[in-house]
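Notes for the one structure printed next.
Protein chains in written order, with the numbering used here: chain B, 1 to 314; chain Y, 1001 to 1323.
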């Protein structure tokens, strides 16, 4: 197995016109898509474009391991656990479902950090006092001695994933992370064949800045665990990142669009196509909030009402 | 590209052919054949069996043909079982091993049975090659810790620093047959430069252990050993003071080269009064020997009693002196 049919196409800046190899139909492909399906014969094809700085070749891909049915079930269970979600949303089926290979960058680097902090070292003192009856009281009191500490920290920073898509923000991606990067595979067109696969739509430099910011935050978290002493405060650090690498990876994401109210735009819920983790912004039902508030208020005022009633009867 | 050519650009550690990323620093392994796409092209993945289009299947976790069910093989990172690369020669012959065993029995001290040497019978003597990883690496270790040095009111004072560690030929045992205590005792007794191709025992039954863990586990064990080694070395001279706590390290490894060795030894079993005991001797150094032997309970009881009588006599003499 494994033969590939290949044909040359005339690329334009915005769109690519391809000929379906199976039926010969002309298909105009969006420049931000890597894959297509012929609308006439449903043949899947994968476009291979020359790499550019902002649209490099994918290096890795994480394959889908969660199918559509399981993803939909996970999504429904997740919405079911949201107590403040509108009731209409809970019973509503998704208006649109798509399994997408989302372009993201996998960043790694060597970090060199200089830090300073105030370290707290605990010790105990014994205090002897006399009470009003003249009895001696011995008390052991915990105290903290503070010492300044400065030093360096060096580490490899890896497995930082940032979105390369305008469509799905980094915040949305973080909600369904982590991906098990042990499941990384070398990219081959066959891995995305038959699925929607996006090209990067964010500038590489912007993604690099995002990855650097995430890495510096991760180093900061590491430093909190690195500090000696019983406690610490005023931890400040400056991190430089060297030997950086930024590799394009295609991540499996199920995207569900649900319109529960005709007057409002549909909400989007994402499901990690590898682990099944669900994320998204669910609107709050203010009607539910008001109902609950009214019930709580009613319960709280019940004793007052009873007292008033008893007073009136007397 | 051969395995010998593959080196990580960031940490200079050798990579295996199957590595997608460097296991030390996570940098992507270089592509063996970088793609060169002069202009846009469309690919339709075709099934080699029936010619139908192939799509990625969630059920198969691989591209497969919906019509005939054929699955396309994809490049998957392999995690093979480790294989021994170097066998160290057994330079100690059987007679020397038996002589070392007898010397060891007779030199165990007064608390052992007096007839241990004469009443013991050697039941078996088997050459055994136990396996282990030997690694070499350069490491930059940044550390932070509490120690008693510079302590004022509290018992501890914080310290931090950075150290360059050279790790040369560090042995990490992977033996199933020998205990950690036994391999730790033997591991410094070998000449690693004497490595040969095959185990040679000089006849008789021979046991050659195999590595029984995959490569990923081996890397974890080596990394774990490195962490312990760094901590030991830091506490041995780099952190000021004599007592330590909260020792935190961050290790930047470079040029980590791991080799897989088989180390020769003799495993002896001897019987004394019906009970079997085991001894392990290094196959390259008769002085490196570790084993179990019985104790003479009567001698120990006698010593304890004599000690108690002595203490009682001293106490009595002191009381007599005071009153």
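C-beta atoms are modelled at their ideal positions from N, C-alpha and C, and glycine is treated no differently. These figures come from a predicted structure and were not determined experimentally.
CB contact check: residue 110 of chain B to chain Y, cutoff 8 Å = Walking along the first chain from the start, residue 110 of chain B turns up at place 110. Cβ-Cβ to chain Y under 8 Å: yes for residue 110 of chain B.
**Q.** Min CB distance residue 1236 of chain Y to chain B below 8 Å
**A.** Taking the first residue of the second chain as position 1, residue 1236 of chain Y is located at position 236. No, residue 1236 of chain Y does not count as interfacial toward chain B.
Tell me whether the segment 1255-1267 of chain Y and the segment 1124-1133 of chain Y touch, counting them as touching only if at least three CB pairs, one residue from each stretch, are closer than 8 Å. yes
Relative to the C-alpha of residue 1153 of chain Y, which candidate in B:68, B:64, B:147 has its C-alpha closest? Position 153 of the second chain, counting from 1, holds the residue named residue 1153 of chain Y. Nearest C-alpha to residue 1153 of chain Y: B:147.
field: Pairwise C-alpha distance: residue 206 of chain B and residue 215 of chain B
entry: Mapped onto the first chain, residue 215 of chain B falls at position 215. Mapped onto the first chain, residue 206 of chain B falls at position 206. Taking the straight line joining both Cα atoms gives about 14 Å.
At a Cβ threshold of 8 Å, is residue 1082 of chain Y touching chain B? Start at 1 with the first residue of the second chain, and residue 1082 of chain Y comes out as number 82. So, not an interface residue.
- Closer than 8 Å, CB to CB, is residue 159 of chain B near chain Y or not? Numbered from its first residue, the first chain carries residue 159 of chain B at position 159. Yes - at least one Cβ of chain Y is within 8 Å of the one on residue 159 of chain B.
**Message:** Using the three-state DSSP reduction, which class does residue 192 of chain B fall into: helix, strand or coil?
**Reply:** Here residue 192 of chain B corresponds to residue number 192 of the first chain, with the count starting at 1. Three-state DSSP puts residue 192 of chain B in coil, outside helix and strand.
Inset, instruction - Would you kindly work out how many angstroms separate the C-alpha atoms of residue 1383 of chain Y and residue 1171 of chain Y, rounded to a whole number? - result: Since the first residue shown for chain Y is 1001 and the last is 1323, residue 1383 of chain Y is missing from the structure and cannot be characterised.
Quiz prompt | Beta-carbon spacing of residue 222 of chain B, residue 155 of chain B below 8 Å | solution = Counting from 1 along the first chain, the entry for residue 222 of chain B is found at position 222. Counting from 1 along the first chain, the entry for residue 155 of chain B is found at position 155. Against a cut-off of 8 Å, the Cβ pair of residue 155 of chain B and residue 222 of chain B comes out as a contact.
_Using a 10 Å radius around the Cβ and a threshold of 16 neighbouring Cβ atoms, would you call residue 1084 of chain Y buried or exposed?_
Translated into the one-based positions of the second chain, residue 1084 of chain Y becomes position 84. Flag for residue 1084 of chain Y reads buried.
Q: Under 8 Å Cβ to Cβ from residue 12 of chain B, same chain only, skipping five residues before and after it: list those, please.
A: Here residue 12 of chain B refers to the residue found at position 12 when the first chain is read from its first residue. Note that residue 12 of chain B scores 47 on pLDDT, short of 50, meaning its location in the model is unreliable; the coordinates nonetheless yield the value given after this. Excluding residues within five positions, none has a Cβ falling inside 8 Å.
Check your understanding: Taking the alpha-carbon positions, what's the residue 1044 of chain Y to residue 39 of chain B distance?
Key -> Taking the second chain and counting its residues from 1, one reaches residue 1044 of chain Y at position 44. Taking the first chain and counting its residues from 1, one reaches residue 39 of chain B at position 39. Near 15 Å, if we compare the C-alpha coordinates of residue 39 of chain B and residue 1044 of chain Y.
From the DSSP output, in three-state form, read off residue 354 of chain B for me. As displayed, chain B neither begins before 1 nor continues past 314, which places residue 354 of chain B out of reach and without an answer.
Could one say the Cβ of residue 276 of chain B lies closer than 8 Å to chain Y's Cβ atoms, at least one of them? Along the first chain, one-based indexing puts residue 276 of chain B at 276. No, its Cβ sits nowhere closer than 8 Å to a Cβ of chain Y.
**Item:** Given 8 Å, three or more beta-carbon pairs between the segment 1093-1103 of chain Y and the segment 1044-1053 of chain Y
**Value:** no
- Is the segment 155-164 of chain B in contact with the segment 100-108 of chain B, if contact means three or more CB pairs nearer than 8 Å? yes
What is the residue span of the alpha helix (DSSP H) that residue 1183 of chain Y lies within? Along the second chain, one-based indexing puts residue 1183 of chain Y at 183. Taken as a continuous stretch (DSSP letters only), the alpha helix (DSSP H) holding residue 1183 of chain Y covers 1180-1186.
Taking only three categories from DSSP, how would you classify residue 1168 of chain Y?
Stepping through the second chain from its first residue, residue 1168 of chain Y is reached at position 168. Three-state DSSP puts residue 1168 of chain Y in a strand.
- Message: Please identify, using Cβ separations under 7 Å, the residues of the segment 166-195 of chain B that lie next to chain Y, in order along the chain.
- Response: 184, 185, 186, 188, 189, 190, 191, 192, 193, 194, 195
Quiz item: So who's on the other strand from residue 270 of chain B, going by DSSP bridges?
Solution: Counting from one through the first chain, the residue named residue 270 of chain B turns up at place 270. BP columns for residue 270 of chain B point to B:255, B:279.
Neighbour list for residue 1155 of chain Y in chain B, Cβ cutoff strictly below 8 Å
Start at 1 with the first residue of the second chain, and residue 1155 of chain Y comes out as number 155. Result: 121, 123.
TODO: Just the chain Y side, please: which residues come within less than 8 Å of residue 147 of chain B by C-beta, in chain order?
DONE: For the purposes of this step, residue 147 of chain B is taken as residue 147 along the first chain, with counting starting at 1. Chain Y residues near residue 147 of chain B: 1157, 1158.
With DSSP as the reference, please indicate the residues paired to residue 148 of chain B in a beta bridge.
As a working mapping, residue 148 of chain B is identified with position 148 in the first chain. B:118, per the DSSP bridge assignment.
- Going by other Cβ atoms of all chains shown within 10 Å of its Cβ, with 16 needed for buried, is residue 1319 of chain Y buried or exposed? For the purposes of this step, residue 1319 of chain Y is identified with residue 319 of the second chain, where counting begins at 1. Under this definition residue 1319 of chain Y is an exposed residue.
- prompt: Which one or two residues does DSSP pair with residue 92 of chain B in a beta bridge?
  reply: Residue 92 of chain B sits at position 92 when you count from the first residue of the first chain. Note: residue 92 of chain B sits in no beta bridge, so no partner.
- Query: Is it true that the CB of residue 1183 of chain Y sits closer than 8 Å to the CB of residue 1175 of chain Y?
  - Reply: Walking along the second chain from the start, residue 1175 of chain Y turns up at place 175. Walking along the second chain from the start, residue 1183 of chain Y turns up at place 183. Yes; because the gap between Cβ atoms is below 8 Å, this pair is in contact.
Are residue 271 of chain B and residue 176 of chain B closer than 8 Å when you measure CB to CB?
Here residue 271 of chain B refers to the residue found at position 271 of the first chain. Here residue 176 of chain B refers to the residue found at position 176 of the first chain. Cβ atoms of residue 271 of chain B and residue 176 of chain B: closer than 8 Å.
**Report entry** Residues of the segment 23-49 of chain B with Cβ closer than 7 Å to any Cβ of chain Y, in chain order
**Finding:** 43, 44, 45, 46, 47, 48, 49
Quiz prompt | CA-to-CA distance, residue 181 of chain B to residue 6 of chain B, given in whole angstroms | solution = Here the question's residue 6 of chain B lines up with position 6 in the first chain. Here the question's residue 181 of chain B lines up with position 181 in the first chain. For residue 6 of chain B, the predicted structure reports a pLDDT of 43, less than 50, and the residue's modelled location is therefore unreliable. The matter cannot be settled from this model.
(Q) Is there a Cβ of chain Y sitting closer than 8 Å to that of residue 227 of chain B, yes or no? (A) As a working note, residue 227 of chain B is residue 227 in the first chain. So, interface residue.
(Q) Please list, in chain order, the chain B residues whose beta carbon lies closer than 8 Å to that of residue 1162 of chain Y. (A) Numbered from its first residue, the second chain carries residue 1162 of chain Y at position 162. Chain B residues near residue 1162 of chain Y: 151, 152, 154.
- Task: Determine whether the Cβ of residue 1138 of chain Y lies closer than 8 Å to any Cβ atom of chain B.
- Result: Here residue 1138 of chain Y refers to the residue found at position 138 when the second chain is read from its first residue. False, the Cβ-Cβ gap to chain B never drops below 8 Å.
**Where residue 18 of chain B falls, given that 16 or more other Cβ within 10 Å makes a residue buried** = Here the question's residue 18 of chain B lines up with position 18 in the first chain. Looking at its Cβ environment, which holds 16 or more other Cβ atoms inside 10 Å, residue 18 of chain B is buried.
Item to check | C-beta neighbour in chain Y for residue 60 of chain B, strict 8 Å | outcome: Locating residue 60 of chain B in the first chain gives position 60, counting from the first residue. Yes, because at least one Cβ of chain Y sits closer than 8 Å to the Cβ of residue 60 of chain B.
Can you find the residues in the same chain that come closer than 8 Å, C-beta to C-beta, to residue 289 of chain B, ignoring five residues on each side of it along the sequence?
Reading the first chain from its first residue, position 289 is the one you call residue 289 of chain B. Answer for residue 289 of chain B: 84, listed in chain order.
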